[in-house]
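Here's the structure we're looking at; comments come further down.
Protein chains: 2
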Amino acid sequence: MPRWESDAQGRLERAALELFEAQGFERTSVAQIARTAGLTERSFYRYFADKREVLFAGDALEAHLVAQVEAADQALAPIEALLAALGTADEVFPSRAFLLRRVKVIAASPALAERDLIKLADIADALARTLQSRGVEPGEARFVTDVAIAVSRRATSRWLADPDATFSELVVQATAELRVAVASPGPGATAD
Amino acid sequence: MPRWESDAQGRLERAALELFEAQGFERTSVAQIARTAGLTERSFYRYFADKREVLFAGDALEAHLVAQVEAADQALAPIEALLAALGTADEVFPSRAFLLRRVKVIAASPALAERDLIKLADIADALARTLQSRGVEPGEARFVTDVAIAVSRRATSRWLADPDATFSELVVQATAELRVAVASPGPGATAD
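Order-wise, the sequence lines are chains A and B. Per the working numbering, the very first residue in the first sequence carries number 25; after that it's consecutive. Per the working numbering, the very first residue in the second sequence carries number 25; after that it's consecutive.
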């Protein structure tokens, strides 16, 4: 069984995605999703708190990333520990094709886009707390987490567009791009 | 008149902040806010769409930042243009003391914290679009915007804690910190 979903949960997720694609998020009901998945509405609520939650399956990604950071070599700098962890995110992603459809459905619905922001912020909070438990000062933990999430978003959008690259390679590539971007003297020296 | 608020709008904002501090966001009504500000509930809705919106006054910050990026020297790299713009954000912030109280009230209410995330994402979207209109490729525009927002958040939390620093100095400092953080060989070279 894949780590991302139980079978019933997976059926509900796939049914929801298909319905959201076909008729939009707003016009799809929980009853419809359950029926399409061959399950009851009651079963739906065993897995998801509400209709929006169906595309944000549990805390698998957060749990995976936190465990990776916790297990990271103490000699790694905070940002290195985070980027190494984020580079393994594809181990808990569903397939690239599913993720791509999901991204499009989320972008088409303000309600889903808001939930997506909140979920990403929850993951960032968990990662910053994990860095703190490794002895990183809270402000620095928050900052490097925000930066690492930016790198990861860059890698994710490239990964969705490029079927040949591995996710961890794209994290390394985005990090290199960031290094070049901030290598210049900075705004204080150039913008005055 | 300060750019952040009209007089009636400012009174509503200050009344809301005081009530949220004293009794919490959930237990405060729009009617109470209006009454405390010496205004009618109808006046409240002339300025704000709902109770949450009262702490996110209009689009003053977004409009200021977009105008700064639009006016930036074309010779500046995208991230330099953004960081220079963000370094002037304190020109439209209310006082540091007001901002500090606001940050605490927002952190204490999940409903306000969600709205804060959405507002920040709206600002990031506007800045990324502005970079695109300067000829920056969409993926790069999104990435450098996410990074610049991370830098700006780091500068903002330091600015709230340190009454002696200027905001633009703190943006330069956070950028230097980022440069050091990503100067190492990166996760691909160290984490395997």
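Cβ atoms here follow ideal geometry from the backbone N, Cα and C, with glycine treated the same way.
Give the C-beta separation of residue i and residue j to the nearest angstrom, bearing in mind that I take them to be a contact with Cβ-Cβ under 8 angstroms.
i       : j       : result
P102(B) : V160(B) : 5 angstroms
A148(A) : T169(A) : 5 angstroms
A113(B) : F191(B) : 6 angstroms
A58(A)  : S67(A)  : 6 angstroms
A135(B) : F49(B)  : 6 angstroms
Y71(A)  : Q98(A)  : Not quite, the Cβ-Cβ distance comes to about 37 angstroms (not below 8 angstroms), so this is no contact.
L144(A) : V90(A)  : About 14 angstroms; that fails the 8 angstroms criterion.
R139(A) : R76(A)  : 4 angstroms
R38(A)  : L63(A)  : Not confirmed; about 12 angstroms, so no contact.
V78(A)  : T199(B) : Not confirmed; about 40 angstroms, so no contact.
L124(B) : V171(A) : Contact doesn't hold; Cβ gap of about 24 angstroms is too wide.
V8(B)   : L194(B) : With chain B represented from 25 up to 216, any question about residue 8(B) goes unanswered, as that position is not in the structure.
A96(B)  : A105(B) : 4 angstroms
E115(A) : H88(A)  : 7 angstroms
I142(B) : L141(A) : 6 angstroms
L155(B) : V93(B)  : 7 angstroms
L184(A) : V127(A) : 6 angstroms
DSSP on residue i, reduced to helix/strand/coil?
i       : result
D140(A) : helix
F49(A)  : coil
K278(B) : Residue 278(B) lies beyond the range of chain B shown here (25 to 216); nothing can be said about it.
A205(A) : helix
T64(A)  : coil
Q98(B)  : coil
S192(B) : helix
F72(A)  : coil
F122(A) : helix
V90(B)  : helix
V116(A) : coil
G212(B) : Only weak support is given to the placement of G212(B): the predicted model assigns it a pLDDT of 49, under 50, and the question is left unresolved by the model.
G34(B)  : helix
S157(A) : helix
V54(A)  : helix
If you follow the alpha helix (DSSP H) that residue i is part of, which residue opens it and which one closes it?
i       : result
D83(A)  : D83(A) -> no alpha helix (DSSP H), and no H or E assigned at all.
F167(A) : 162-185
Return yes when at least one heavy atom of the ligand ZN lies under 7 angstroms from the C-beta of residue i, else no.
i       : result
R126(B) : Ligands in the displayed structure: none, and consequently the ligand ZN is not present.
Taking 8 angstroms as the CB-CB limit, is residue i close to chain B?
i       : result
T154(A) : no
S181(A) : yes
E37(A)  : no
F49(A)  : no
E77(A)  : no
A145(A) : yes
I103(A) : yes
G159(A) : no
A174(A) : yes
R203(A) : yes
L123(A) : no
P86(A)  : A small fix is needed here, since residue 86(A) is Glu in this sequence, not Pro. Not closer than 8 angstroms to any Cβ of chain B, the Cβ of E86(A) fails to qualify, so no.
D149(A) : no
D170(A) : yes
L89(A)  : no
A46(A)  : no
A198(A) : yes
L141(A) : yes
G62(A)  : no
Taking Cβ positions only, does residue i come closer than 8 angstroms to chain A?
i       : result
F83(B)  : In the sequence on display, residue 83(B) carries Asp and not Phe. No, no contact with chain A.
A40(B)  : no
T190(B) : no
D114(B) : no
E94(B)  : no
I57(B)  : no
F167(B) : yes
A131(B) : no
A207(B) : yes
L184(B) : no
T52(B)  : no
E65(B)  : no
R120(B) : no
R126(B) : no
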